[in-house]
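In the numbering used here, the protein residues as written are -13 to 336.
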């Protein structure tokens, strides 16, 4: 499955440094005006940036230390503050002295140094509070996303328990009638049923499958439906070799194919066709399930996404799974076909 976009660690670290540099630059300006005559502004700015960026480096180092990972988030950030604030103040000053070509010396022994110390603690504490809050919000967002994913997967399992027995019983009933009339067709239906059930079993045990396996399961399903519907159903599956190993949520296309048969082809008089195509574009991957069935209703019985009420649950289920797997990077829409039929189009990020 194409994963949700993640922040590159180096890019995130550089972004943190940039934010910290801006914060400590503002702090240097404030300190320069709050304590007139303390130092020249370039010198105050240099000391401020050295102290602030040293604190950031200490925080990043401690957060990657295994010992700190054992503590609760609150205790972890308190310990980080106890180490980073004084450590950043004293080590940052020594770095600034080195950059200025001066001899390293103790800081904080003069009365005038009391205000910079307090100011540094306040600014550093504010920065730590900001990042601790941001980490907590990110953790809560990750928990909500995981809960949504689990809810969607539980819905998928429920959908399987509802659909597979229904399909299995209908198929076995067809096999029973074919055993006496057409043994070869009965054997073919049993073979395709085995392939379908094996694929469904694999899909129930994983969070992502290759498109080649997804199309193999669809082929087995459509072969079974073609044997049941006879000449009323024909189909075509098109999967380019470049997309065969692309990972997608299991049984992603199954509800769309079932909708096409149930609401498009079965109520229609005469023959119908289903085309399932995967196409690679520059910015996305397109999965398209098209049918030549009755099409969308001409009246206003559509939802906000253009779906008739009868197919709303299956489409919403697919949308929920796309959102859980890809966030806002994936989409599903319906298109009317000419002269009749519907295309369900999924766009996935590359």
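Where a beta carbon is used, it is the ideal one built from N, C-alpha and C, also for glycine.
Under DSSP, residue 265 forms a beta bridge with 272. Annotation: residue 321 to residue 275 spans about 10 Å, alpha carbon to alpha carbon. Residue 277 counts as buried, since at least 16 other C-beta atoms from the protein chains shown sit within 10 angstroms of its C-beta. By alpha-carbon distance to residue 129, the top candidate from 330, 310 and 332 is 310.
Note on residue 307: 16 or more other CB atoms within 10 angstroms of its CB, so buried under the neighbour-count rule. At a Cβ-Cβ threshold of 8 Å, residue 105 and residue 39 do not count as neighbours.
The beta carbon of residue 328 sits closer than 8 Å to those of 246, 250, 276, 277, 279, 281, 282, 320, 321 and 322, all from its chain and outside the five residues before and after it, given in chain order. Around residue 85, the same chain offers 32 and 36 as residues with beta carbons nearer than 8 Å, after the five sequence neighbours per side are excluded. Per DSSP, residue 84 is one residue of the alpha helix (DSSP H) stretching across 59 to 86. Shown here, residue 21 sits in coil according to DSSP, grouped into three states, outside any helix or strand.
Rounded to whole angstroms, residue 272 and residue 244 show a C-alpha spacing of 19 Å. In this structure residue 90 is exposed. Its beta-carbon is surrounded by fewer than 16 other beta-carbon atoms within 10 angstroms.
Rounded to the nearest angstrom, the gap between the Cα atoms of residue 225 and residue 165 is 34 Å. Only buried fits residue 9, as 16 or more other CB atoms lie within 10 angstroms of its CB. Residue 53 is classed as exposed because its beta carbon has fewer than 16 other beta carbons within 10 Å across all chains shown. Our two residues, residue 72 and residue 103, have alpha carbons roughly 9 Å apart in a direct line.
Just so you know, the alpha carbons of residue 77 and residue 227 end up roughly 57 Å apart. The Cβ atoms of residue 334 and residue 234 lie closer than 8 Å to each other. Taking 8 Å as the cut-off, the Cβ atoms of residue 200 and residue 239 count as close. The continuous alpha helix (DSSP H) containing residue 46 extends over residues 27 to 49. Under the three-state reduction of DSSP output, residue 277 falls in the strand class. Here residue 229 is buried, its C-beta having at least 16 other C-beta atoms within 10 Å.
Residue 319 sits in a strand when the DSSP states are folded into three classes.
By the neighbour-count definition (other C-beta atoms within 10 Å, threshold 16), residue 101 is an exposed residue. Taking 8 Å as the cut-off, the beta carbon of residue 208 is found no closer than this to the beta carbon of residue 171.
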